[in-house]
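Residue numbers (this note's numbering): 321 to 613.
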């Protein structure tokens, strides 16, 4: 319980950073970010209604629905985030931040605004997801859809929503293509960074090794790399000779080391593939006995 409560200050910090990013990099450069907040930003631009109020209008009903139907902890965490984000946007709108806002008179460097905002937003979103929280809007809709349609691919819903925001940007911001490009750049940079935050520490490389020296290779993998391997009895389809196959998953930076190990053993073949995510105690190498699992 205490551990869960300690997360709330982090949610507040992340939401506050996000609100500050909107004020410094998004609003001054006249473009709409992704999802529901993109729509709210365009409404603010047209009618002067603060995004903070619109965020509350969008997110509170969705949070309640997720609380009742999906995941109470996720809903509470997200409520803390969205309330903080909305309140901070309302308060920051009353503060003169013009001295530190990123805005150019000529417009020649406006690309930096959405790029920085996307990087910050992606890092915040990735960190929030890792703590069972989200920034509201699209992610809450995704949780509700997944509850009733587990097989439904929400990627296309997100793509359509962001495409609508990008297209509408052309009309909202003075029939100009630049806001459309800035919206796309923001969406792309946020997606890349959040994905890297979520998967980067758990990415790996998988080796499938055909060899006559399984014990020797496994011992070196264990002693040198701190990972183990799985031994499978295999048979060649052409010669029907009995073979040994080792399956070994190592950190990306250990690719060259394992390649050097394999080079010591003649008639050893390996195919290599990327592993986008690992579950369990993988990131930190461990002390293991010199045996094959």
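Idealized CB from N, CA, C, for every residue including glycine.
According to the DSSP assignment, residue 568 belongs to no alpha helix (DSSP H) but to the beta strand (DSSP E) extending over 562-571.
Rounded to the nearest whole angstrom, the C-alpha separation of residue 434 and residue 500 is 11 Å.
Assigned with DSSP and collapsed to three states, residue 598 falls in coil, not helix or strand.
Residue 537 carries a helical assignment under DSSP once its states are collapsed to helix, strand and coil.
For the 8 Å CB-CB criterion, residue 502 and residue 357 do not form a contact. Assignment of residue 419 by DSSP, reduced to helix, strand and coil, places it in the coil class.
A check of alpha carbon separations from residue 450 across 424, 383, 394 and 408 identifies 394 as the nearest. Sequence-distant partners of residue 478 (beyond 5 residues in either direction) whose C-beta falls short of 7 Å from its own C-beta, in its chain, are 458. Counting C-beta atoms within 10 angstroms of its own C-beta, residue 557 has fewer than 16 neighbours from the protein chains shown and is therefore classed as exposed.
Going by beta carbons, residue 463 and residue 390 fall inside the 8 Å limit.
Collapsing the DSSP output to three states places residue 549 in coil. The beta carbon of residue 588 sits closer than 8 Å to the beta carbons of 529, 530, 531, 532, 533, 537 and 582 from its chain, once the five residues preceding and following it are set aside; these are given in chain order.
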